[in-house]
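One structure is given here, and the rest of the page talks about it.
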Amino acid sequence: MAKLNEKPEELFKASEADFKSLFEHVGCGVYISSKEGKFLTANRALVDMLGYESKAELLAMDITHNLYVNPDDHLRFQEMIERDGRVKDYQVEFKRKDGSPTSVLLTSHVRYDKDRNVLGYEGIVLDQSQRIQMEKELRAFQEDFKMLFENIPTGVFISSKEGKFLNANQALLDMLGYKKQEFLDIDITKDLYVRPEDRAKFREMIERDGHVTDYEVEFKRKDGSTIPILLTAHARYDSQGNVVGYEGLNVDLTQRKLMEKELQEAYDFMNKIIQSSPNAIMATDLKGNIMLWNRAAEETLGYSALEVIGKMNIDKIYPEGMARKVMQMLRSSEYGNVGRLRSYPMVYVRRDGEVVEGTLSAALIYDSKGNEIASVGSFVDLRERLEMERALRRTQEQLLQSEKLAAMGRLTSQIAHELNNPLYGIMNTLELLKTEISLQSKRRKILEMAHSETIRLSEMLRKMLSFSKPDQEERQPVEINSVIDEILLLHEKQFKENDIKITSTFAKGLGLVNASKNQLRQVFLNMIANARDAMPSGGTLTVTTSGNSDEISVEISDTGIGIADENISRIFDSFFTTKDEVKGVGLGLSVCYGFIKDHGGDIKVKSQVGAGTTFTITLPVSANAASVSL
Ligand code: ADP
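In terms of the numbering used here, the sequence shown is residues 2 to 631.
Here it is in C-alpha cells:
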C-alpha cells in the first residue's frame with residue numbers, strides 16, 4: 002500500500018502493484034486479447050469461470066473457434082466493437098473447456114497502438130449463469146404461483162381494509178357467480194356478507210391477532226342465494242407495519258354441510274333404531290363406564306339415560322362380581338365366538354332394588370386395529386314370560402293333582418260304597434246284640450265299644466264319600482253369620498272343657514251368599530275342629546266376619562301350635578295330616594277347599610309356629626239376594 006510521505010512516482014509504482022493485485026483478485030473475469038483471436042492475458046477469475054486448469058491453457062485457446070457457443074455471437078461482437086470501438090453488457094454464451102455453456106455479460110473496448118491501429122481488445126466478463134438461473138427460477142416460481150392461484154379449487158382473495166377486493170381467483174368468482182370486474186366493484190360488507198356483523202367481527206379478530214383461522218360465515222352469491230364459507234385470512238401490512246388489507250382463502254362448505262347433515266341424519270336414524278328397540282341396549286367403555294342407554298334400558302332398569310351416561314358404572318346394576326364375569330365370558334370362546342355372548346340368563350338390580358330376570362346378549366367392540374374399545378349388551382326382560390311359565394307350571398301341577406284326586410276320589414268312593422253295606426250290617430247286628438245283653442254285663446261294654454268304633458268308621462266313610470262325591474244340595478241364599486253362630490253355640494261346651502275361649506265379632510249388614518248350607522257348615526265345623534286340635538292345652542278361638550257389597554270374609558284364628566313352613570303348602574292336599582291315625586285322615590281341609598272354590602270363593606292361611614293360625618275364607622255376595630242383619 003502507498004504511504005502518505007512517499008513521492009508521486011513511488012506512489013504510482015505502488016498503485017501499479019495495487020492494480021495487478023486487483024486484476025488478479027477481482028471477482029469478475031478480466032482479459033486482454035489480440036485481434037487475431039487469442040487471450041494475451043486473463044485473470045484467475047476468468048480461468049475459473051471457463052473451467053481451464055491454468056492461465057497458460059486458456060491463453061493457448063483459439064477464441065474464434067472455441068469460446069463462443071454460437072459463432073454468430075462472435076461475428077456480432079467484432080462488428081460492434083469495430084464500429085463503435087466498444088461493446089457494453091453484451092450477453093452471450095461462452096463454451097467452457099468441457100464444452101458446457103455458461104452465460105456471461107461481456108464489456109469490452111478496443112486497444113490501439115500509437116498510430117491508432119487496432120491491436121486487440123480488453124475488457125471484463127461477468128458470470129451470468131447464477132443470475133440467469135435465479136431469474137429462471139423466479140419466473141418459474143411466479144408462473145407456478147399464478148397457476149396455483151388460478152387453478153386451486155378454493156377461493157383466494159386479496160382485499161383492502163376498506164372493503165373492496167383487489168384480486169380474486171377464478172374459483173372464488175365461480176363460487177359466488179361474479180365476473181372479475183363486477184367482483185372487484187362490490188362492497189364486501191354490504192354485498193357479500195349475509196350478516197354484515199360477521200365482517201365486523203372478522204376485522205376485529207384479524208386486526209387483533211393478525212390472522213383468522215377457520216371462521217364460519219355465510220356469503221351472498223350474485224344471484225342472492227347464500228353459501229356457507231370457511232374463511233381463513235391474514236393481514237397485509239405496509240412498510241410501517243400498518244394493516245392495509247387482507248388476503249386469504251374462502252372454502253365452500255356446501256358439500257361439507259351437506260355431508261354433515263347426511264351424517265347427522267344417519268346418526269339420528271341409527272339412534273332411533275337403538276332407542277326404539279323393545280330390548281334394553283347398553284354400551285360401556287372397557288372400565289364399565291356407561292356410554293349408551295336406550296329407552297328400554299331406562300324402563301327396564303329404572304335409571305334415566307341422563308343420570309347414567311358418563312356418570313355411572315355398569316357394575317352397579319349387576320349382582321356382585323357379575324360384571325367381571327360377563328367380560329370373562331365375552332373374551333372366552335366357550336359361550337359362542339370370542340367377543341360374543343348369546344342369550345345368557347341374567348338378573349339385574351333395578352334402581353328400586355327389584356330384581357329383573359331375563360337374558361343378556363353382548364358383544365365386544367373393536368377399533369380398526371382389532372383392539373377392544375367398548376362392549377354393548379342387549380337385555381331381554383323375561384319377567385312376564387317367566388311369571389307366565391311359572392303360573393303354567395303351577396296350573397299343570399294343580400291339574401295333575403286334581404287328576405290324582407279324581408282317581409283317588411273314584412277309588413275312595415268305590416271302597417266306601419263297598420264298605421258301607423257290610424258296615425251297616427255289622428252296626429245293625431251289634432245294635433241287635435245290645436238289646437239281648439244286660440246293661441250290667443261286661444260283654445255289654447265290649448259290645449258298646451265295638452258299636453262306637455263302627456260308628457266312627459261309618460263317620461269316616463261318610464267323609465270319604467263327601468270328598469269324592471260332595472252332597473249336591475241345592476243352593477240358596479245363606480246368612481253366614483247365623484251358620485257360624487249356630488256351630489259355635491253347639492261347640493261351646495266342648496271348648497270350655499278344653500279350656501278354649503271363644504270370641505266372635507259378626508259384622509252387621511252382610512250380604513247373603515248363594516250357597517249350600519250343609520257344605521258351609523262342614524267347612525266351618527272342620528276349621529273349628531282343627532283349631533281345637535291345635536290348642537290341646539287351651540287358648541282362644543276368634544271368629545270374625547266382615548265384608549262389602551262384593552264379598553264376605555270369615556277369619557278363624559287360633560292361638561295354637563301353628564303350622565310349620567314346610568307344611569303350609571301341603572295342608573290343603575288330600576290325605577295330608579300331622580295328626581295321629583285316630584284323629585286325622587287329612588281330608589278335612591281339602592274338602593273345605595273344594596267346597597269354597599266351588600262357591601267361587603277362596604281360603605288363605607297365615608300361621609306362625611307356636612303362636613297360632615288364621616284361616617280367611619272369602620265368599621262372593623249373591624247378586625240377587627237382599628242384605629239382612631243378624
Ligand atoms: P286332618 O285334620 O284330618 O289332619 P285337615 O285337612 O283338616 O286334616 O288338616 C290337615 C293338616 O293341617 C292337619 O293335620 C294339621 O297339621 C294342619 N292344620 C289344619 N288346621 C290347623 C290349625 N288350625 N292349626 C295348626 N295346624 C292345622
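Here a beta-carbon is modelled for each residue, glycine too, at the ideal position from N, C-alpha and C. Everything numeric in this text was worked out from a predicted model, so none of it was measured.
Contact annotation: leucine 60 and phenylalanine 40 have beta-carbon atoms nearer than 9 angstroms. Put simply, the backbone Cα of aspartate 186 is about 16 angstroms away from that of aspartate 224.
Annotated three-state conformation of proline 537 is coil, per DSSP. Straight-line spacing of the CA atoms in serine 550 and valine 622 works out to 7 angstroms. Just measuring C-alpha positions, the residue of Val350, Gly246, Met528 and Tyr336 sitting nearest isoleucine 315 is Val350. Comparing C-alpha distances from serine 414 to each of Met461, Ile291 and Val357 shows the shortest one belongs to Met461. When distances are taken from the beta-carbon of aspartate 559 to the heavy atoms of the ligand ADP, the shortest one is below 8 angstroms. In this structure, glycine 561 and aspartate 500 do not form a Cβ contact; the two beta carbons are roughly 12 angstroms apart against a cut-off of 8 angstroms. Distance from leucine 47 to tyrosine 32 at the Cβ level is roughly 6 angstroms; contact confirmed, criterion being Cβ atoms closer than 8 angstroms. Within the stretch 253-316, the complete beta strand (DSSP E) segments at least 3 residues long are 281-286 and 291-294, listed from N- to C-terminus. By the beta-carbon neighbour count (other beta carbons within 10 angstroms, threshold 16), valine 592 is buried. By the beta-carbon neighbour count (other beta carbons within 10 angstroms, threshold 16), asparagine 251 is buried. Where serine 161 is concerned, the enclosing beta strand (DSSP E) starts and stops at 156-161. For the stretch 309-375, the full-length alpha helix (DSSP H) segments reaching 4 residues or more read 323-332 along the chain. In this structure the stretch 477-492 lies against the stretch 525-544, because at least three pairs of beta carbons, one per stretch, are closer than 8 angstroms. Residue state for serine 558 is assigned as strand, using DSSP reduced to three classes. Straight across, the Cα-Cα distance linking proline 154 with tyrosine 268 is about 30 angstroms. Between the ligand ADP and the CB of asparagine 295, the shortest heavy atom gap is not smaller than 8 angstroms. Here aspartate 210 carries a helix assignment [DSSP, helix/strand/coil].
Taking the Cβ of asparagine 527 as the reference point, at least one heavy atom of the ligand ADP falls within a distance shorter than 8 angstroms. Per DSSP, histidine 600 is not a residue of any beta strand (DSSP E), being assigned neither H nor E. In the displayed model, lysine 607 falls within a strand according to three-state DSSP.
In the DSSP assignment, arginine 112 falls outside any alpha helix (DSSP H) and within the unbroken beta strand (DSSP E) covering 102-113. Rounded to whole angstroms, phenylalanine 95 and leucine 231 show a C-alpha spacing of 54 angstroms. Counting C-beta pairs closer than 8 angstroms gives fewer than three between the stretch 154-165 and the stretch 58-77, which falls short of the contact rule. In the DSSP annotation of this structure, glutamate 94 is not part of any alpha helix (DSSP H); the continuous beta strand (DSSP E) holding it starts and ends at 87-96.
At the C-beta level, valine 348 and proline 320 come within 9 angstroms of one another. In summary, alanine 565 is exposed, with fewer than 16 beta-carbon neighbours lying within 10 Å of its beta-carbon over all protein chains present. With respect to the C-alpha of alanine 624, the residue from Val514, Phe573, Thr617 and Gly563 having the closest C-alpha is Val514.
In the DSSP annotation of this structure, the continuous segment of the alpha helix (DSSP H) that includes lysine 147 starts and ends at 130-152.
Burial state of threonine 396 is exposed, judged by a 10 Å Cβ sphere holding fewer than 16 other Cβ atoms. Take aspartate 215, set aside five residues on each side of it, and the residues of its chain with a beta-carbon closer than 7 angstroms to its own are Leu231 and Thr233, in chain order. Residues of the same chain with a CB within less than 6 angstroms of the CB of aspartate 199, apart from the 5 flanking positions on each side, are Val218 in chain order.
In the three-state reduction of the DSSP assignment, threonine 42 falls in the strand class, which pools E and B. DSSP places glycine 28 in the coil class of the three-state scheme, outside both helix and strand. Within the DSSP secondary-structure output, serine 379 pairs in a beta bridge with Ile282 and Ser362.
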